[in-house]
Amino acid sequence: MIKKPISSGHPKPSPNRRSALRAALAGVGAFGLAGCDQLSNNPNFVKSLKSAQYLSEATQKLVAGPSAMAQEFSEADISPRFKPNGTMMPGDADYRDLLANGFAEWKLEVDGLVEKPAAFSLAELRAMPSRTQITRHDCVEGWSVIGKWKGVQLSHVLAQVRPTAKAKFVVFRCADSMDDPNADEDSTYYESVSMSEARHAQTILAYDLNDKTLPVANGAPLRLRVERQLGYKQAKYLMRLELVEDFRDIRDGAGGYWEDNGYEWYAGI
Ligand SMILES: Nc1nc2c(c(=O)[nH]1)N[C@H]1C(S)=C(S)[C@@H](COP(=O)(O)O)O[C@H]1N2
Ligand SMILES: [Mo]
6 MIKKPISSGH PKPSPNRRSA LRAALAGVGA FGLAGCDQLS NNPNFVKSLK
56 SAQYLSEATQ KLVAGPSAMA QEFSEADISP RFKPNGTMMP GDADYRDLLA
106 NGFAEWKLEV DGLVEKPAAF SLAELRAMPS RTQITRHDCV EGWSVIGKWK
156 GVQLSHVLAQ VRPTAKAKFV VFRCADSMDD PNADEDSTYY ESVSMSEARH
206 AQTILAYDLN DKTLPVANGA PLRLRVERQL GYKQAKYLMR LELVEDFRDI
256 RDGAGGYWED NGYEWYAGI
């Protein structure tokens with residue numbers, strides 16, 4: 006459902022997940038009826054399911070397992086330039102002030118359904134154990150780039166704030182307004198993932214791209230990498246993580262800026 010006009014960038018959502026999934030599942034007959042376990046061991050079945058552009062998180066987990074890893078590449082595969090997309094320079098005054106100061110005053114706030122809300126400076130995040138991964142970024146517009154990311158695993162940050170049992174999702178709040186930054190209505194970019202996706206080994210808060218400080222165009226000072234999902238889930242310009250039980254009360258209720266504009270919440274690749 007399109008709730009408001011799409012301002013820039015992405016095309017309108019293509020046929021919904023149901024029809025893609027139905028098409029994939031129609032293929033089940035071709036592989037013979039078998040238990041789920043047997044089906045998930047059948048490479049043709051797995052390939053056919055993965056070809057669906059939109060795969061629900063539950064289906065993805067049934068087929069690939071909750072901790073299945075996105076493919077990682079070698080240094081030789083890194084794209085010469087990591088094409089930026091969406092916001093490339095937030096116009097918001099608060100962000101401009103932080104940038105002018107080299108993000109010395111920026112802090113990532115982590116709150117909501119946690120026992121110990123906290124705010125982390127860049128220096129603190131950089132001092133935490135890091136993970137480096139070379140992965141492929143796929144935008145729904147149809148282009149891909151391979152880049153090398155370094156950051157802290159989100160699971161590590163979460164362990165420090167201790168999510169309560171009620172926490173079901175992490176909501177990522179970004180600095181950049183998608184409409185006029187001076188307008189009254191909040192139009193900042195946002196995203197969300199499940200706790201299980203948040204704790205996946207390749208889910209990191211990245212501060213370096215290709216061995217250099219993350220450029221502003223790609224989300225400085227910190228952006229999300231959630232490697233089993235499409236480009237629009239990779240929230241840039243992170244300001245705040247909020248742990249929630251439900252995201253239906255947030256903004257238009259679909260769990261993210263592009264989701265509120267009709268895109269799938271689980272953007273499995
Ligand atoms: N804050 C914010 N995050 C964002 C966007 C954006 O406009 N603002 N665009 C998304 C989209 S559609 C894509 S494809 C990627 C682009 O990341 P890149 O600029 O590093 O290529 O960021 C995603 N995260
Ligand atoms: Mo995108």
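According to our numbering, the sequence shown is numbered sequentially starting from 6. Ideal Cβ positions, reconstructed from N, Cα and C, are used throughout, including at glycine.
If you run the structure through DSSP and keep just helix, strand and coil, what is residue i?
i	result
K238	helix
V162	helix
Y195	strand
E247	strand
Q138	strand
M94	coil
S79	coil
R101	helix
W263	helix
T169	coil
A124	strand
V5	Outside the modelled stretch of the chain, which goes from 6 to 274, sits residue 5, for which no answer is possible.
S72	coil
K88	coil
D42	Its pLDDT being 46, under 50, D42 is placed unreliably in this model, and the coordinates cannot settle the point.
S61	coil
E114	strand
V221	helix
A203	helix
So, are the CB atoms of residue i and residue j less than 8 Å apart?
i	j	result
L219	V115	no
T2	E120	As shown, the chain starts at 6 and ends at 274. That puts residue 2 outside it, with no answer to give.
R233	A75	yes
A3	M93	Residue 3 is absent from the structure shown; the chain starts at 6 and stops at 274.
V145	V198	no
P134	V157	yes
V166	P122	yes
A172	S72	no
F177	E196	yes
A124	L113	yes
S160	R204	yes
Could you check how far apart the C-beta atoms of residue i and residue j are, in whole angstroms? I think they sit under 8 Å.
i	j	result
L243	A272	At roughly 18 Å, the Cβ-Cβ gap does not stay under 8 Å, so L243 and A272 are not in contact.
G117	L248	4 Å
A3	C179	Beyond the ends of the chain as shown, which are 6 and 274, falls residue 3; an answer cannot be given.
D181	Y100	7 Å
G96	P186	5 Å
Which residues in the same chain as residue i place their Cβ atom closer than 8 Å to its Cβ, once the five residues preceding and following it in sequence are excluded?
i	result
W154	T137, Q138, I139, T140, I209, A211, D213, L214, R230
D143	S149, L235, G236, I274
N90	G14, C144, E146, G236
I83	I139, I151, G152, K153, N215
F78	I139, T140, R141, I151
Please work out which residues of its chain come closer than 6 Å, Cβ to Cβ, to residue i, disregarding the five sequence neighbours upstream and downstream, and give them in chain order.
i	result
I255	none
C41	Confidence in C41 is poor, its pLDDT being 40 and thus under 50, which makes the residue's placement too unreliable to answer from.
So, for residue i: in the same chain, excluding its five sequence neighbours on each side, which residues have a beta-carbon less than 7 Å away from its beta-carbon?
i	result
L103	E110, W111
Taking only beta-carbon atoms, is residue i less than 8 Å away from chain C?
i	result
R101	In summary, chain C is missing from the structure at hand, where a single protein chain is found.
Heavy atoms of ligand 1 versus C-beta positions, residues under 5 Å: My final list is P89, N90, G91, T92, C144, C179, D181, Y194, N223, G236, Y237, Q239, A240, K241, Y242.
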